[in-house]
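Visitor: Residue numbers (my numbering): 1 to 255.
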């Protein structure tokens, strides 16, 4: 309680303090869908929630990027040109200025609690899709040990644990390991992203026969990270692999 008084939780968009009485409502059962609005009220201002640019139909049926209009294949320009190892990825919001600022706060200013609202949104908006896909576990994209030490947490793992709390789908953070402390993907072109991630991940252990993991990450751009992780999971027994990301860049061909 004293922590809430001196260090109140804040809205990830406007930074206004969330009233203590609203934060207290987060103690209700996360599986009670009828009370989900109480969770939203404890995490974000109602008006600010509307400022997120949610990805809606039409979107790429392979990677989940927002499409400006429908095409025969319902694929973005990247997925029209490239074969994907993963079956499908779904994303919540377009990576616009609002989403970019929230992600920067999470990664560089230790605001890991801002991932809570995205976990709730993923459960509400994509929970039925996860169920239909047959998701057996959530696999967060790992970060290198040195980055984990400096940041203090893995934002993908925080997201996965939040989604798990609302859906009951278990988290497996023991099947993918990051071997290389790669350069930031945002600073690289498509070809350099692939080279950057070459041999960056390895899969360990074994998934149960026929498991269907869902890779969890914060931002989807070219799909290089998703592909590298999918390859590893298929190699240890995954039947199919899906992905779920918070943000996705817009399809450049639509501009």
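A virtual CB, placed ideally from N, CA and C, is assigned to each residue, including glycine. Computed from a predicted structure; not experimentally measured.
With DSSP as the reference, identify every bridge partner of residue 88, one or two as the case may be.
Guide: Answer is 242, bridged to residue 88.
Visitor: Could you tell me the alpha carbon to alpha carbon distance between residue 250 and residue 58, rounded to whole angstroms?
Guide: Approximately 12 Å, taken between the alpha carbons.
Visitor: Roughly how many angstroms lie between the CA atoms of residue 233 and residue 119, to the nearest whole one?
Guide: Between residue 233 and residue 119, the C-alpha separation is close to 23 Å.
Visitor: Residues in the same chain with beta-carbon distance under 8 Å from residue 99, minus the five sequence neighbours each way, listed in chain order, please.
Guide: These residues qualify, in order along the chain: 52, 53, 93, 246 and 247.
Visitor: Compute the Euclidean distance between the alpha carbons of residue 210 and residue 240, then round it to the nearest angstrom.
Guide: Rounded to the nearest angstrom, the two C-alpha atoms are 8 Å apart.
Visitor: By Cβ distance below 6 Å, which residues in the same chain neighbour residue 43 in space, the five residues on each side in sequence not counted?
Guide: Cβ within range, chain order: 116 and 117.
Visitor: Would you mind sorting residue 37 into buried or exposed? The rule is 16 or more other CB atoms within 10 Å of its CB.
Guide: The residue is exposed, with fewer than 16 neighbouring Cβ atoms inside 10 Å.
Visitor: Measure the C-alpha to C-alpha separation of residue 194 and residue 78 and round it to an integer number of angstroms.
Guide: Reliability of the predicted coordinates at residue 194 is poor, the pLDDT of 47 falling under 50, and the value obtained from them is presented with this limitation in mind. Residue 194 and residue 78: Cα-Cα distance of roughly 14 Å.
Visitor: How many whole angstroms separate the CB atoms of residue 62 and residue 84, which I take to be in contact at a CB cut-off of 8 Å?
Guide: Their Cβ separation, rounded to whole angstroms, is 5 Å, which keeps residue 62 and residue 84 in contact under 8 Å.
Visitor: Just checking, does the stretch 18 to 27 make contact with the stretch 107 to 114 on the three C-beta pairs under 8 Å criterion?
Guide: The stretch 18 to 27 is not in contact with the stretch 107 to 114.
Visitor: Drop a sphere of 10 angstroms on the beta-carbon of residue 9, count the other beta-carbons inside from all chains shown, and report buried for 16 or more, exposed for fewer.
Guide: Buried, since its Cβ has 16 or more Cβ neighbours within 10 Å.
Visitor: Quick one: residues in its chain with C-beta nearer than 6 Å to the C-beta of residue 192, no 5 flanking neighbours on either side, listed in chain order?
Guide: Here residue 192 scores only 49 on pLDDT, less than 50, and its place in the model should not be relied on; the value that follows carries that caveat. Excluding residues within five positions, none has a Cβ falling inside 6 Å.
Visitor: Closer than 8 Å by C-beta to residue 208: which residues in its own chain qualify, once you throw out the five before and the five after it? Chain order, please.
Guide: Within the same chain, residue 208 has close Cβ partners 136 and 237.
Visitor: Exposed or buried, what is residue 157 when buried is set at 16 or more other beta-carbons lying within 10 Å of its beta-carbon?
Guide: Looking at its Cβ environment, which holds 16 or more other Cβ atoms inside 10 Å, residue 157 is buried.
Visitor: Can you tell me which of the three DSSP states residue 191 falls into?
Guide: For residue 191, the pLDDT reaches just 49, beneath the cut-off of 50, and the residue's location in the model is therefore unreliable, although a value from the coordinates is still provided. Three-state result, residue 191: helix.
Visitor: If you run the structure through DSSP and keep just helix, strand and coil, what is residue 79?
Guide: The answer is helix: DSSP assigns residue 79 an H, G or I state.
Visitor: Tell me whether the beta-carbon of residue 213 lies closer than 8 Å to the beta-carbon of residue 173.
Guide: No, they are not a contact pair.
Visitor: In this structure, does DSSP put residue 255 in helix, strand or coil?
Guide: Reliability of the predicted coordinates at residue 255 is poor, the pLDDT of 49 falling under 50, and no value is obtained from them.
Visitor: Would DSSP call residue 167 helix, strand or coil?
Guide: Reduced to three states, the DSSP call for residue 167 is helix.
Visitor: List the endpoints of the continuous alpha helix (DSSP H) containing residue 220.
Guide: No alpha helix (DSSP H) contains residue 220, which is instead part of the beta strand (DSSP E) from 213 to 220.
Visitor: When DSSP labels each residue in this structure, what does residue 138 get in the three-state scheme?
Guide: Reduced to three states, the DSSP call for residue 138 is strand.
Visitor: Of the choices 177, 159 and 178, whose alpha-carbon is the least far from that of residue 171?
Guide: Minimum Cα distance to residue 171 is reached at 159.
Visitor: Checking 8 Å against the spacing of the C-beta atoms, do residue 11 and residue 48 come in under that value?
Guide: Yes, the Cβ-Cβ distance between residue 11 and residue 48 is below 8 Å.
Visitor: How is the alpha helix (DSSP H) around residue 98 delimited, first residue to last?
Guide: Here the alpha helix (DSSP H) through residue 98 covers 97 to 108.
Visitor: So the beta strand (DSSP E) residue 230 belongs to, where does it begin and stop?
Guide: Looking at the DSSP string, residue 230 is not in any beta strand (DSSP E); the run it does join, the alpha helix (DSSP H), is 224 to 234.
Visitor: The alpha helix (DSSP H) spanning residue 147 covers which residue range?
Guide: Here the alpha helix (DSSP H) through residue 147 covers 145 to 151.
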